[in-house]
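S.K.: Chains X and Y supply the protein sequences, listed in that same order.
For the first sequence, full-length UniProt numbering begins at 1 and goes up steadily by one.
For the second sequence, full-length UniProt numbering begins at 1 and goes up steadily by one.
One structure coming up, written as structure tokens, with questions to follow.
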Amino acid sequence: MSVYFVDKFLYEIDRDPELLERYRTDPQGLVAEWENGQGMLLGIAHTVERTSWLRLTEAERAALETHDYVALFEMGAHFFLNLTIMIALYDEEYAGRLGPLSFQREMAANLAHWIGKDYPSVDV
Amino acid sequence: MATLTAVLASTHHPFYLKATELTPEAERMPQAAEWKRKVEAYRETLTAAQPELLVMVGSDHFHQFFLDNYPTFLIGKQPVYDATYYNEEREFSIPKYTLAGDEDLSGYMFQGLLDRGFDFSISHELKLDHSIICPIITTRPQADLPVVPIYTNIFAPPLPSARRFYELGRAIRSIIDEYPRDIRIAAIGTGHLSLELGGPRQFGEHGPDPEWDLKAIDWLARGDVDAVLEDVTFEKLSQSGNATPGFLDLVLMLGIAGPELAAYVDQLDLFHTREMYVTWYPNGDPREAVRA
């Protein structure tokens, strides 16, 4: 279970404007670089100490590489992190084209098959 | 001795400032003027209590704290607090703030909580997020009073029980009541009614569970602790929206107020969520003194 590592990615990219821009333009490159670099630094603030054992699964890596928020929701990525980073990537462009909140409403529609069911747990 | 002059419990809506002031008037949502009126009326309930210090309850939205080390309950003890994170400015246009702290009450509160069986974390470098700044914007926009911030975990399950949140509120109340300093304190806490974020029920025309919202407001208005403790579980809250466990911070505020009728209750059904504004006056309604 490495959803913790997925959440760590979403958290660390969303709070850094430069990484966020790279996640927009080169998600595959950024995910690879992060998974083997910054992601392996201990916790969220260390610059020297490392964690040796964290890895993304293939499915997690693929979901992050394609901004696949439905897959991320379904594997238990935290809903707040998943929403916030996708808003950062897509809200402005959607709002300009289709009006306010259009991205958020499309995201909801793409998750509509979960209405009435217990959502995937975000416990880690 | 300190006097607890008001207890305020409300939802916090990060888009309030943007929707009612930062957006040009012609482009504002239709409810903007009504929303602003209601917020300003709510603000009056705090102003009337003439607070000198604010004990503020909120929750870090994965800004400073993450799953490597997420505190269940935390208090800040600092002379000064910075506020508003880069990604909150980006998403909500919330300005940066610097708020004064009160290290004496923070320290007294921390020790008092430990003595009552609440083993808090403590931070000396806490940066406040919109769970604290939203109520500053709505209830004390001049941001001129020192604050004692208390953070709870309503985000990273598993969470403590509703009873634990309520009892924490009771403990905070008894510590304020015993605080040996002649100062007027207000307690302000925010959370959510039914709310969905990053799920299929997000950003609808109403909150995800409008009926539950009315029930929850009624619990707080009547101070119906028994109903809350019987009905509020993580599972039930989550059925009303994946972010609805944010209601637990309002249960905490009910704990500070105690099982009492609220002096002021208002609400506004907005898109996406319902707003709610509740005030208790534990030591008498200051508005009656003004009217008399």
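Glycine included, C-beta positions come from ideal geometry on N, C-alpha and C.
The segment 176 to 205 of chain Y: which residues have C-beta closer than 7 Å to a C-beta of chain X, in chain order?
M.R.: The segment 176 to 205 of chain Y vs chain X, Cβ under 7 Å: 197, 198, 199, 200, 201, 202 and 203.
S.K.: Apply the 10 Å Cβ neighbour rule to residue 1 (chain Y) and answer buried if 16 or more other Cβ atoms are within range, or exposed otherwise.
M.R.: By the 10 Å Cβ count, residue 1 (chain Y) comes out exposed.
S.K.: Rank Y:192, Y:283 and Y:176 by C-alpha distance to the C-alpha of residue 14 (chain Y) and give the top, closest one.
M.R.: Selected option, being the one with the closest Cα: Y:192.
S.K.: Could you have a look at residue 183 (chain Y) and say whether DSSP puts it in helix, strand or coil?
M.R.: Reduced to three states, the DSSP call for residue 183 (chain Y) is coil.
S.K.: Residue 241 (chain Y) and residue 196 (chain Y): beta carbons closer than 8 Å?
M.R.: Cβ atoms of residue 241 (chain Y) and residue 196 (chain Y): closer than 8 Å.
S.K.: What residues in the segment 60 to 76 of chain Y bring their beta carbon closer than 8 Å to a beta carbon of chain X?
M.R.: So the close ones are 61, 62, 63, 66, 67, 68 and 69.
S.K.: Of all the residues that make up the segment 125 to 156 of chain Y, which are near chain X by a beta-carbon distance shorter than 9 Å?
M.R.: Within the segment 125 to 156 of chain Y, the residues whose Cβ lies closer than 9 Å to some Cβ of chain X are 155 and 156, listed in chain order.
S.K.: Quick one: list the residues of chain Y neighbouring residue 73 (chain X), beta-carbon separation under 8 Å, in chain order.
M.R.: Result: 198 and 199.
S.K.: Who are the neighbours of residue 7 (chain X) on chain Y, taking C-beta pairs under 7 Å?
M.R.: Chain Y residues near residue 7 (chain X): 67.
S.K.: Taking a contact to mean a Cβ-Cβ separation below 8 Å, would you say residue 59 (chain Y) touches residue 155 (chain Y) in this structure?
M.R.: Yes, the Cβ-Cβ distance between residue 59 (chain Y) and residue 155 (chain Y) is below 8 Å.
S.K.: In or out: residue 8 (chain X) buried (at least 16 other Cβ within 10 Å) or exposed?
M.R.: Buried.
S.K.: What residue range does the alpha helix (DSSP H) around residue 117 (chain Y) cover?
M.R.: Note, residue 117 (chain Y): premise wrong, no alpha helix (DSSP H); not H, not E.
S.K.: Grab me the residues of residue 36 (chain Y)'s own chain with a C-beta within less than 7 Å of its C-beta, minus the 5 sequence neighbours each way, in chain order.
M.R.: Correct list, in chain order: 20.
S.K.: Taking the continuous beta strand (DSSP E) assigned at residue 73 (chain Y), which residues delimit it?
M.R.: Element bounds for residue 73 (chain Y): 73 to 76.
S.K.: Do we get a CB-CB distance below 8 Å when we pair residue 105 (chain X) with the residues of chain B?
M.R.: Looking for chain B here will not work: the only protein chains present are X and Y.
S.K.: Pull out every residue of the segment 80 to 106 of chain Y whose Cβ sits closer than 9 Å to any Cβ of chain X, in chain order.
M.R.: Residues passing the 9 Å Cβ filter: 85, 86, 87, 90 and 91.
S.K.: Quick one: what's got a C-beta closer than 7 Å to residue 70 (chain X)'s C-beta in the same chain, skipping five residues either side?
M.R.: 110 and 111.
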